[in-house]
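In the working numbering, the protein residues as written are 9 to 73.
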């Protein structure tokens, strides 16, 4: 978190004991950059990208008090 910006990574980790070793493997990651919109009060602009689905989106999120 730096000022109104925050960066986040959400990952799915898979363990598959069928192959003998239980080495964790990252099967999906979603990278997100959030910006707190101070002008609108409790709102955020969020941009995220999914590596597995190869899609990205920009959202505007409003929160109620």
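Cβ atoms here follow ideal geometry from the backbone N, Cα and C, with glycine treated the same way.
query, result
"Which listed residue (12, 15 and 36) has its alpha carbon closest to that of residue 60", "36"
"Where residue 26 falls: helix, strand or coil (DSSP)", "helix"
"Option nearest residue 20 by Cα separation, candidates 39, 44, 50 and 14", "39"
"Among 41, 57, 26 and 22, nearest to residue 15 - alpha-carbon criterion", "41"
"Reduced DSSP category for residue 16 - H, G, I as helix; E, B as strand; rest coil", "strand"
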